[in-house]
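Peer 1:
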Amino acid sequence: MPYRAPVSEYRFVFDHVVGLEQVSATDLFAEATGETVEAILSEAGKLCSDVLAPLNRAGDLTPARLENGVVRTSPGFAEGYQAIVEGGWVGMSADPEYGGMGLPISVATAVNEMMGSACLALQLNPLMTQGQIEALEHHASDAIKELYIPKLISGEWCGTMNLTEGGAGSDVGALRTRAERNGDGTYAITGQKIFITWGDNDFAGNICHLVLARLPDGAPGTRGISLFMVPKFLPDAAGNPGPRNSLKVVSLEHKLGLHGSPTAVMAYDGATGWLIGEEHKGMAAMFTMMNNARLGVGMQGVAVAEAAFQKALDYAQERKQGKTPLGEGAIIDHADVRRMLAVMKAETFAARAIALACAVAIDMGRATGNADWQARAALLTPIAKAFGTDIGNEVAQMGVQVHGGMGFIEETGAAQFARDVRVTAIYEGTNGIQAMDLVGRKMMDGGAAAYRLLQEVEDHAREAREANPDLAGAVWNAAEALREATEWLVAQDANDRNAGATAYLRAFARVLGGHYHLKAALADPARLPLAAVAIKRLLPEHAALIAQMREGAAGLYALTPDLLAS
């Protein structure tokens, strides 16, 4: 069966798990009523199921290609993009002043998940543009905003993010791309960038590149980096694309997956650019875009998990093999297959709830200016990104396993999910970097934001004990163990924190997943069996993860390169 957008699932999570009503109660998002959100999700669901999902296989089988300097996109992608544009989906959360819908990030995140489930390779295009819009809204001059944002929102122009260089990678401060002042308010940008998602296409009127570069007087490292808008075509006085800028696509990467998404090597040769924000303070502007993208990428992991689960469930209900405990039925009646499907669904729910809780915190922080909400959004962002993409990978692999030998055959489509989602754990900061961010920068408050969130988990579990003492008690105990682990963590030096960072992030996600499953089960008793899977089978992993975290770094460095090679 084809992909089915789980609109009712989003409504349930919004209404009973993450509290979207808090967002709708603010003046800023007062128009995002339950009825409006329902209508938006329903329309987006139709687009994803009917228009975008059929493109997914075509993008894999007929990749984007570079011909004589021109990128040719996969069959149907131009039409799919036009459908996204006509629905106004690019500018969902953008400022209405420039033509956006002004919707909460929460709602836009749910729509982006549906698009990612349907066709992740194409969804990456508007995701990049959305991040650029937000960066420009916060940091660009009024002239840049007025020229670029309306065209990005309308989808007439597309946006990209140019950070990475060969040899620099995640060490952005080591970049070599340089900028020179032209004396007329513009800058000449020279250098090469790699891994540029949707660096070019054949359906947009202009491609707007946000490029990190260093001015001659820029300090070493990230403190001396500036950010520039470098369009493919130079706009004329009326804002229409004019002459070609001095930039080009050198090549397209040959990737494990996401073949429909052209990932470019970009070369800039004295290309004309305009400063975004202040000189030497480009990282602040770029982080605005990166944080937007990190939540978006986390939800891409959830998106692929949902699609992989649906395909595996359909196959398991149709495939008959062997005698099951329930008789001569389909393989879904085998205990181990049922286990895999239950875990896939439970993990997808948990990762989705964490990401949407992060989005709600972003919306509340923006709408109220409340520092606690802003701190929660910052705390949840690396968890949403890392856990969401880890689960995307794990669920996609489990989907292949449910298919058995047929999962290893490309024609079934199960393997494509595993290939496409793999990069999500790498880009926008590897998941190890996310974990180190969580135990480093996000714990600079001494763990205060983490403690506030854990207190909510414990308070809810305490209240739930009367209705379900078994599951509620397990969640409370896990949250208390994580609180004690956090107290230990913040007392350690940076390297010991980093050594246990990945385990700590996963443990935090396990506790949050148990918490959200408990809330869901209390709101709808039909969800109790799934909550039991999450809390009784998955949540206990938190204890082993905390034990790993407490080991610190010493044991890792005792295993020298010589010992590793022996």
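Adding 291 to a residue's 1-based position in the sequence shown gives its number in the working numbering.
Just so it is clear, CB atoms sit at the ideal spot from N, CA and C, and this is done for glycine as well.
Note that the structure is a prediction, hence the values are computed from the model and not measured.
Would you check if there are 3 or more beta carbon pairs closer than 8 angstroms linking the segment 419 to 431 to the segment 459 to 472?
Peer 2: Touching, no.
Peer 1: Nearest-angstrom Cα distance between ALA675 and VAL802?
Peer 2: Against the sequence shown, residue 675 aligns to sequence position 384. Against the sequence shown, residue 802 aligns to sequence position 511. Using only the alpha carbons, I get a separation of about 13 angstroms.
Peer 1: What alpha helix (DSSP H) runs, 4 residues minimum, are completely inside the segment 315 to 365?
Peer 2: The segment 315 to 365 contains these whole alpha helix (DSSP H) runs: 325 to 337 and 347 to 352.
Peer 1: Would the segment 798 to 812 and the segment 631 to 646 be scored as touching if the rule is three or more Cβ pairs under 8 angstroms?
Peer 2: These segments touch.
Peer 1: Under DSSP, the beta strand (DSSP E) around TYR294 begins and ends at which residues?
Peer 2: Here residue 294 corresponds to residue number 3 of the sequence shown, with the count starting at 1. That residue, TYR294, is in no beta strand (DSSP E); it is neither H nor E in DSSP.
Peer 1: GLY390 to LEU501, Cα distance in whole Å?
Peer 2: For the purposes of this step, residue 390 is taken as the residue at position 99 of the sequence shown. For the purposes of this step, residue 501 is taken as the residue at position 210 of the sequence shown. Approximately 21 angstroms, taken between the alpha carbons.
Peer 1: By how many angstroms is the C-alpha of ARG348 removed from the C-alpha of PRO526?
Peer 2: Residue mapping note: residue 526 aligns to position 235 of the sequence shown, counting from 1. Residue mapping note: residue 348 aligns to position 57 of the sequence shown, counting from 1. If you take the alpha carbons of PRO526 and ARG348, they lie about 36 angstroms apart.
Peer 1: I believe LEU518 touches ALA576 by the beta-carbon criterion, under 8 angstroms. Please report the beta-carbon distance rounded to the nearest angstrom.
Peer 2: Taking the first residue of the sequence shown as 1, we reach residue 518 at position 227. Taking the first residue of the sequence shown as 1, we reach residue 576 at position 285. LEU518 to ALA576, Cβ: 5 angstroms. Contact.
Peer 1: Given a cut-off of 8 angstroms, decide if MET655 and GLN414 are closer than it, judged by their beta-carbon atoms.
Peer 2: As a working mapping, residue 414 is identified with position 123 in the sequence shown. As a working mapping, residue 655 is identified with position 364 in the sequence shown. Contact: no.
Peer 1: How about VAL824: is its C-beta nearer than 8 angstroms to some C-beta of chain D?
Peer 2: The structure shown has no chain D; it contains just one protein chain.
Peer 1: Enumerate, from N- to C-terminal direction, the unbroken beta strand (DSSP E) stretches of 3 or more residues contained entirely within the segment 668 to 739.
Peer 2: Runs found: none.
Peer 1: With distances taken from CA atoms, which of ALA812, LYS611 and LEU836 is nearest ILE826?
Peer 2: As a first step, residue 826 must be located in the sequence shown, where it is residue number 535. Ranking ALA812, LYS611 and LEU836 by Cα distance to ILE826 puts ALA812 first.
Peer 1: Assign MET236 to one of three DSSP states: helix, strand, or coil.
Peer 2: An answer regarding residue 236 cannot be provided, because it is not within the stretch 292 to 857 covered by the chain.
Peer 1: Comparing C-alpha positions only, which one of ALA510, GLY490 and PRO297 sits nearest to GLY407?
Peer 2: As a working mapping, residue 407 is identified with position 116 in the sequence shown. Minimum Cα distance to GLY407 is reached at PRO297.
Peer 1: Report the rounded CA-to-CA distance for GLY512 versus ARG505, giving the unit in angstroms.
Peer 2: Here residue 512 refers to the residue found at position 221 of the sequence shown. Here residue 505 refers to the residue found at position 214 of the sequence shown. Each residue's Cα considered, the two are about 10 angstroms apart.
Peer 1: Measure the CB-CB distance between MET557 and LEU538 and report whether it falls below 8 angstroms.
Peer 2: Taking the sequence shown and counting its residues from 1, one reaches residue 557 at position 266. Taking the sequence shown and counting its residues from 1, one reaches residue 538 at position 247. Result yes, Cβ atoms of MET557 and LEU538 sit closer than 8 angstroms.
Peer 1: Starting from ARG889, follow its DSSP beta bridges and name the residues at the other end.
Peer 2: Residue 889 is absent from the model: the chain starts at 292 and stops at 857.
Peer 1: Does ARG732 pass the burial test, meaning 16 or more other C-beta atoms within 10 Å, or should it be called exposed?
Peer 2: Numbered from 1 along the sequence shown, position 441 holds the residue referred to as residue 732. By the 10 Å Cβ count, ARG732 comes out exposed.
Peer 1: Ignore the nearest five residues each way along the sequence and tell me which others in ARG756's own chain have a CB closer than 6 angstroms to its CB.
Peer 2: Against the sequence shown, residue 756 aligns to sequence position 465. Taken in chain order, the residues that qualify are ALA763.
Peer 1: Closest to ILE837 by C-alpha separation, out of ILE435, ILE623, PRO816 and ALA792, would be which residue?
Peer 2: To locate residue 837, count along the sequence shown from 1; it is residue 546. Of ILE435, ILE623, PRO816 and ALA792, the residue nearest in Cα terms is ALA792.
Peer 1: What residue does the beta strand (DSSP E) around LYS539 start on, and which one ends it?
Peer 2: Mapped onto the sequence shown, residue 539 falls at position 248. 538 to 543 is the extent of the beta strand (DSSP E) around LYS539.
Peer 1: In whole angstroms, what is the alpha-carbon distance linking TRP767 and PHE305?
Peer 2: To locate residue 767, count along the sequence shown from 1; it is residue 476. To locate residue 305, count along the sequence shown from 1; it is residue 14. So the two alpha carbons sit approximately 23 angstroms from each other.
Peer 1: Below 8 angstroms CB to CB, which residues in the same chain sit around LEU394 once its five sequence neighbours on both sides are set aside?
Peer 2: Here residue 394 refers to the residue found at position 103 when the sequence shown is read from its first residue. If we look at LEU394 and ignore the five residues flanking it on each side, its Cβ neighbours are PHE320, ALA323, ILE331, MET383 and SER384.
Peer 1: Work out the CA separation of LEU830 and ALA814 for me, nearest whole Å.
Peer 2: Within the sequence shown, the letter at position 523 stands for residue 814. Within the sequence shown, the letter at position 539 stands for residue 830. Looking at the two C-alpha atoms, the distance is approximately 20 angstroms.
Peer 1: Along the chain, where does the beta strand (DSSP E) that runs through TRP565 open and close?
Peer 2: The count along the sequence shown starts at 1 and reaches residue 565 at position 274. From DSSP, the beta strand (DSSP E) with TRP565 extends over 554 to 567.
Peer 1: Quick one: what does DSSP say GLY450 is sitting in, helix, strand or coil?
Peer 2: Within the sequence shown, numbered from 1, the residue matching residue 450 stands at position 159. Of the three classes helix, strand and coil, the one that applies to GLY450 here is strand, per DSSP.
Peer 1: Give me, in chain order, the residues of the same chain whose beta-carbon lies closer than 7 angstroms to that of ARG295; leave out the 5 immediate sequence neighbours on both sides.
Peer 2: As a first step, residue 295 is located in the sequence shown; it is residue number 4 there, counting from the start. Closer than 7 angstroms at the Cβ level, and outside the excluded window around ARG295, lie SER340 and GLN601.
Peer 1: For THR488, which residues does DSSP report across the bridge?
Peer 2: Along the sequence shown, read from residue 1 onward, the residue named residue 488 stands at position 197. The partner list for THR488 (beta bridge, DSSP) reads THR554.
Peer 1: Who pairs with ILE498 in a beta bridge, going by DSSP?
Peer 2: On the sequence shown, position 207 is the one that residue 498 refers to. The partner list for ILE498 (beta bridge, DSSP) reads CYS449.
Peer 1: Assign ARG774 to one of three DSSP states: helix, strand, or coil.
Peer 2: Within the sequence shown, the letter at position 483 stands for residue 774. It is helical.
Peer 1: Excluding the five sequence neighbours on either side, which residues of its own chain have a C-beta within less than 7 angstroms of the C-beta of GLU771, listed in chain order?
Peer 2: Along the sequence shown, read from residue 1 onward, the residue named residue 771 stands at position 480. Within the same chain, GLU771 has close Cβ partners GLU749.
Peer 1: How long is the line joining the alpha carbons of ASN789 and HIS751, rounded to whole angstroms?
Peer 2: Reading the sequence shown from its first residue, position 498 is the one you call residue 789. Reading the sequence shown from its first residue, position 460 is the one you call residue 751. Their backbone Cα atoms lie some 30 angstroms apart in a straight line.
Peer 1: If distances are taken between C-alpha atoms only, which option among LEU343, GLY379 and TRP380 comes closest to ALA369?
Peer 2: Counted from its first residue, the sequence shown places residue 369 at position 78. Nearest of LEU343, GLY379 and TRP380 to ALA369, Cα basis: LEU343.
Peer 1: Since GLY533 is in the beta strand (DSSP E), which residue starts that stretch and which ends it?
Peer 2: Taking the sequence shown and counting its residues from 1, the one referred to as residue 533 is at position 242. Unbroken beta strand (DSSP E) run through GLY533: 532 to 535.
Peer 1: Since THR615 sits in a beta bridge, which residues does DSSP pair it with?
Peer 2: Mapped onto the sequence shown, residue 615 falls at position 324. The partner list for THR615 (beta bridge, DSSP) reads GLY618.
Peer 1: CB-CB under 6 angstroms to ALA412, same chain, minus the five flanking residues each way: which ones, in chain order?
Peer 2: Locating residue 412 in the sequence shown gives position 121, where the first residue counts as 1. Only GLY350, LEU549, GLY551 and SER552 meet the Cβ criterion.
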